[in-house]
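Peer 1: To start, I am sharing the structure in question, which I have written as structure tokens.
Residue numbers (this note's numbering): 4 to 268.
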């Protein structure tokens, strides 16, 4: 199975450098990384250029002009450039546990999509990581670096298989999603009607669920560490929530403003 990691970023080259470092430290590497760049300034490209020659796998950089928060659009561009049978979408504020991709490859099955776990780092810990480019080893539930979701810091995959939850809820987020490429093509990718922060990931997960996929929220496996940052502008959230609720109510699968701009063929 060939796996592509798609990382969304926007003007956080310091975070991107640490994220790529966490990928290079994986026990099981993905087969390629695509940086889905939502219109960053040249500093982001400079980081990628500096790293890519000595990186253990291929890095591609997909960019579009900065025209506000358009994560759905740039993710679709990345899908078109991907060569993997399985795609992992991750937001640009998540560092990967060394066994993250190992866990995904051991949990993903035909007919399923996976949602990983987040541990939230404190602001001062995040600042130190970005300054030093040193990622701390989280070996304890009581780590001083953790702000929220301490339980998610424990890795115990065998037990996790017994307690992982399946099914859809409006609280599910797709900003850390592992899905077969054929399944995301079936729903026409990300919905580009979503602009501004919020809900585009839950809407995608809902459409995948409407196809009959099993959505599995991983526990004690598939761990990431969320780098602190100020809240993003959320003025579009209400409009995006309306789009989400329409999708859920109508059990929408295919959207016309996705990978291809057409009604379902």
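Glycine included, C-beta positions come from ideal geometry on N, C-alpha and C.
Of all the beta strand (DSSP E) runs that stay within the bounds of the stretch 111 to 179, which reach a length of 3 or more residues?
Peer 2: Runs found: 115 to 118, 120 to 124 and 149 to 151.
Peer 1: Answer yes or no: do residue 97 and residue 107 have a C-beta to C-beta separation smaller than 8 Å?
Peer 2: No, the Cβ-Cβ distance between residue 97 and residue 107 is not below 8 Å.
Peer 1: Given a threshold of 16 other Cβ atoms within 10 Å of its Cβ, counted over all protein chains shown, does residue 78 qualify as buried or as exposed?
Peer 2: Counting Cβ neighbours within 10 Å, residue 78 comes out buried, since at least 16 surround it.
Peer 1: With the cut-off set at 8 Å, would you say residue 190 and residue 132 are in Cβ contact?
Peer 2: Not closer than 8 Å, so no.
Peer 1: Can you tell me which residues form a DSSP beta bridge with residue 35?
Peer 2: Answer by DSSP bridge pairing, in chain order: 7 and 61.
Peer 1: Going by the beta-carbon positions, is the gap between residue 199 and residue 260 smaller than 8 Å?
Peer 2: Not a contact, by the Cβ cut-off of 8 Å.
Peer 1: Taking DSSP as the reference, what is the three-state secondary structure of residue 188?
Peer 2: The answer is helix: DSSP assigns residue 188 an H, G or I state.
Peer 1: Taking only the alpha-carbon atoms, compute the straight-line gap between residue 73 and residue 218 and give it to the nearest angstrom.
Peer 2: Spanning the two alpha carbons is a distance of roughly 25 Å.
Peer 1: To which residues of the same chain is residue 71 closer than 8 Å at the C-beta, ignoring the five residues directly before and after it?
Peer 2: Taken in chain order, the residues that qualify are 198 and 199.
Peer 1: What did DSSP end up calling residue 41 once you bin it into helix, strand or coil?
Peer 2: In this structure, residue 41 counts as coil in the three-state DSSP scheme.
Peer 1: Have a look at the DSSP bridge pairing and note the partners of residue 229.
Peer 2: Its beta-bridge partners are 97 and 123.
Peer 1: Taking all protein chains shown into account, do 16 or more other C-beta atoms lie within 10 angstroms of the C-beta of residue 270, making it buried, or fewer, making it exposed?
Peer 2: Within the shown structure, residues of the chain are numbered from 4 to 268, placing residue 270 beyond reach of any answer.
Peer 1: Can you tell me the Cβ-Cβ gap for residue 33 and residue 7, rounded? I've got them flagged as a contact below 8 Å.
Peer 2: That belief holds up - the Cβ atoms of residue 33 and residue 7 are roughly 7 Å apart, short of 8 Å.
Peer 1: May I ask which residues mark the beginning and end of the beta strand (DSSP E) holding residue 217?
Peer 2: Residues 217 to 220.
Peer 1: Please return the same chain residues whose Cβ sits closer than 6 Å to the Cβ of residue 213, not counting the five positions on each side in sequence.
Peer 2: Closer than 6 Å at the Cβ level, and outside the excluded window around residue 213, lie 254 and 256.
Peer 1: Starting from the Cα of residue 49, find the closest Cα among 19, 61, 29 and 41 and give me that residue.
Peer 2: Residue 19 is the option with its Cα nearest to residue 49.
Peer 1: Taking the alpha helix (DSSP H) that residue 26 belongs to, which residues open and close that run?
Peer 2: Start and end: 16 to 27.
Peer 1: Decide if residue 155 is buried, meaning its Cβ has at least 16 other Cβ atoms within 10 Å, or exposed.
Peer 2: By the neighbour-count rule (16 or more Cβ atoms within 10 Å), residue 155 is buried.
Peer 1: Taking the alpha carbon of residue 59 as the point to measure from, which residue in 144, 186, 228 and 30 has its own alpha carbon closest?
Peer 2: Comparing Cα positions, the closest option is 30.
Peer 1: Where do the N-terminal and C-terminal ends of the alpha helix (DSSP H) with residue 244 fall, by residue?
Peer 2: That run of the alpha helix (DSSP H) goes 240 to 253.
Peer 1: Taking the alpha-carbon of residue 128 as reference, which of 119, 89, 120 and 138 has the nearest alpha-carbon?
Peer 2: It is 138 whose Cα lies nearest to the Cα of residue 128.
Peer 1: Can you tell me whether residue 57 is buried or exposed? The criterion is at least 16 other CB atoms within 10 Å of its CB, across all chains shown.
Peer 2: Exposed is the call here.
Peer 1: May I ask you to list the residues that DSSP assigns as paired with residue 92?
Peer 2: Bridge partners of residue 92: 9 and 180.
Peer 1: With a CB to CB cut of under 7 Å and the five nearest residues on each side skipped, what residues in its chain are close to residue 295?
Peer 2: Beyond the ends of the chain as shown, which are 4 and 268, falls residue 295; an answer cannot be given.
Peer 1: Please list the terminal residues of the continuous alpha helix (DSSP H) segment that includes residue 213.
Peer 2: Looking at the DSSP string, the run of the alpha helix (DSSP H) that includes residue 213 is 203 to 213.
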